[in-house]
Structure formats: C-alpha cells, structure tokens
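J.: One structure coming up, written as structure tokens, with questions to follow.
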Amino acid sequence: MASLFERIAALNTNGPYRAERVTEQTALKGGRHPVLENPRPNAVLGTSLGGAAEFRAAAEGQAEPSGAGAAIAAASAGTAAETAGASSGAGANAGATGASVIDDLIVGLGCFWGAERLFWGVPGVLGTSVGYAGGWTKNPTYREVCTGRTGHAEVVRIVFDSSRVSVEELLKVAFENHNPTLGDRQGNDVGSQYRSAVYCSSQGQLERVRKALDTWQQAFTDAGFGDLTTEVGLMASAPSDAGDVRGSVDTAEADRGVGGTVGCGDSSASGEEVVGDGRYYLAEDEHQQYLHKNPGGYCNHGPNGVTCQTGVL
C-alpha cells in the first residue's frame, strides 16, 4: 500500500507513478481456499461468474448451468457448440463477424467497481466478474491485494461472443474510459493494484491487443497524454493442487476459481509473456457488480476524450 507521502507525490505529478513491486519470493503466500467458492450469478446479467470454458461447456450441454446465466449464455452463443472444439485458439482470431466463439479477456482499469460497469451493456458480452490477476499470491483477499504485497491488479474478466463483439471493440470501451498512461495509479487511487493491464487468453489475442495499443498510442499523444503504460501479457494454464494440468478448456468448477487454480490461457503460452502466476482469482461477493448493488458508490471511470478507432488496424 502506498504511504501517505507516496500518494501525495503520485497525485501531484502529471507523469506515471510506479510502486515498488513484489516478486514471487517476496509476495504474500495467500490462503488455501478461494475467497468466493460458490459464486452467485451476475446480479446484472443473470449469467455465471465463470469464464469462457464454463460458458462453452454450458452451450454444448456438457455441464449443468451455473446459476441462471449459463442458459442465457448458451442461447446467446449461437453456433458456439459447432466451433468450441477450436475455441482455445480460434477465439483470438475470430472477428466480430462469422462463426460464434466464446472467449474471454481480462482488463485492469484501476478500481474494478467502475471498470466492470462499463461492459454490462455492450452487445455480445455474455458475462463479467471482478477479481485479481497478474500477481503471485494464491487466493488473495481484497485486503491483501490492497497492501500491494500480492502483485495483483484489480481486474474485470469479460466473457464475450466473438461473432458479436471483437477484442478491439472491448478494448475501445476500456481505453476510452480510463487513463492508461499513469502507471500504478488511476484517479485518486495509488498502488500497483490500480495499474492499467490487459491479460489475454491466447497468443493470437495477445498479438491483436498489442497491435491495437500500438495503433492507438498516436491518438493518446495527439490528445496530450504520454506513453501508454499498460501491462500486456498472457494468462496461463496452471497445475492444480492435485497435480493435473488444466488446459484452456477447463472444467466449470476450476474455471470459477474453486480450488484456486484458474487456467484462462493458452497451454502453449510463453513463460516470458505470462504475468505473475497466470491465474485469475474471483474477488469477494461484495465486490461483484458493486455499482449495481451500490448505485451511489465510488467510481472514477469515464470518457478521457480519446477516440480509439477499431477498423482495420
């Protein structure tokens, strides 16, 4: 957690702020159990808090729906059942047209309360949840993340139908509504947990994200911003406590974070591109859809004046 003097210094500079980072060896060890073992459906969308693997399984009829959401996801997915076999790689390459592939993308835009709300009304978004990624501590709590000693960022996991919305269109929503040039701060929030970040579910998706951000840098420069400081990397498959290796198409239970070994990524992910332990951990129930439950709650997200084009990049 940033000290008072660090906060004052960070909030009185126009440039990016960088907090001291922990390593795998110095990070808090974490707990044995997820902080949200039995997540309820999304309070806004009615869908599961699970990731793309759970939605794909529900669409194929291979898993019981988790809450009301999986049935909605199956109806929204269209032809997902026909293409799910190739979804671990094709999801990153499918555009906003053509065959439906259910995929997910994780973004960090500062405080996750306001960030999650940005995606509820986006056509093609099937589910959202808030959690922690990019760090080292297993099954972190909100209080632990806020110390800065877990390495995690506050993030939103977006599950989407790629035939209805593209990766670039989701990024457009994110990058037009926060300041991705501030390093480890956003608005009045200071600390590494508030960094701008994009964590991808496959190598193909990663390449698209990098290309979009490289293209949009000029738009931010023209608007008077500095260089983008967004952390971009991969989520990764992770061995479970029982020793099995979970690939990109995971069980519904593991996909929700039960057992603490969420695998959201490409099983061939490069170790150099995986950020932290490569896992996504669901946050506590009180943080899920926070601004729906607390309409007057804190939010520092909104238009930054930059237009991010999503045509041919």
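Quick note on my numbering: the sequence shown kicks off at 677 and runs consecutively.
Glycine included, C-beta positions come from ideal geometry on N, C-alpha and C.
Would you please state the rounded distance, in angstroms, between the beta carbons of Gln893 and Leu910? I believe it to be under 8 Å.
T.: Between Leu910 and Gln893 the Cβ distance is about 21 Å, and since that is not below 8 Å, they are no contact.
J.: Run the CB neighbour count on Ala734, radius 10 Å, all protein chains shown included, and call it buried at 16 or more, exposed below.
T.: Result: buried.
J.: Using a threshold of 7 Å, state whether the C-beta atoms of Gly706 and Thr823 are closer than that.
T.: No, the pair does not count as a contact, with Cβ atoms beyond the cut-off.
J.: Taking 7 Å as the cut-off, decide whether the C-beta atoms of His968 and Val720 are in contact.
T.: Yes. Within cutoff.
J.: Answer yes or no: do Leu781 and Leu846 have a C-beta to C-beta separation smaller than 7 Å?
T.: Their beta carbons are under 7 Å apart, which means Leu781 touches Leu846 by this criterion.
J.: Starting from the N-terminal side, write out each stretch of the beta strand (DSSP E) that is 3 residues or longer and does not extend beyond the region 830-905.
T.: Qualifying beta strand (DSSP E) stretches, in chain order: 872-876.
J.: If we count the other Cβ atoms within 10 Å of its Cβ and call it buried at 16 or more, is Gln738 buried or exposed?
T.: Its Cβ having fewer than 16 others within 10 Å, Gln738 is exposed.
J.: Give me the Cα-Cα distance between Glu960 and Tyr818, rounded to the nearest whole angstrom.
T.: In a straight line, the C-alpha of Glu960 is about 7 Å away from that of Tyr818.
J.: Grab me the residues of Val885's own chain with a C-beta within less than 7 Å of its C-beta, minus the 5 sequence neighbours each way, in chain order.
T.: Closer than 7 Å at the Cβ level, and outside the excluded window around Val885, lie Val843, Leu847, Val874, Cys876 and Val908.
J.: Do you know whose CA, among Pro856, Ala685 and Leu958, lies nearest Thr897's CA?
T.: For the residues Pro856, Ala685 and Leu958, the minimum Cα distance to Thr897 belongs to Pro856.
J.: Excluding sequence positions up to five away, which residues of its chain have a Cβ less than 7 Å from the Cβ of Gln869?
T.: If we look at Gln869 and ignore the five residues flanking it on each side, its Cβ neighbours are Val821, Cys822, Gly824, His828, Ala829 and Glu830.
J.: Taking only three categories from DSSP, how would you classify Gly807?
T.: Of the three classes helix, strand and coil, the one that applies to Gly807 here is strand, per DSSP.
J.: How far does the alpha helix (DSSP H) with Glu792 in it extend, from its first residue to its last?
T.: Segment Phe788 to Arg793, the alpha helix (DSSP H) holding Glu792.
J.: In the DSSP assignment, find the beta strand (DSSP E) that holds Val783 and state where it starts and stops.
T.: Unbroken beta strand (DSSP E) run through Val783: Ile778 to Leu785.
J.: Closest to Phe901 by CA distance: which of Cys787, Cys975 and Phe851 is it?
T.: Ranking Cys787, Cys975 and Phe851 by Cα distance to Phe901 puts Phe851 first.
J.: Looking at Tyr693 and Asp860, is the spacing between their C-beta atoms short of 7 Å?
T.: Contact: yes.
J.: Put Arg955 into one of helix, strand or coil per three-state DSSP.
T.: Three-state DSSP puts Arg955 in coil, outside helix and strand.
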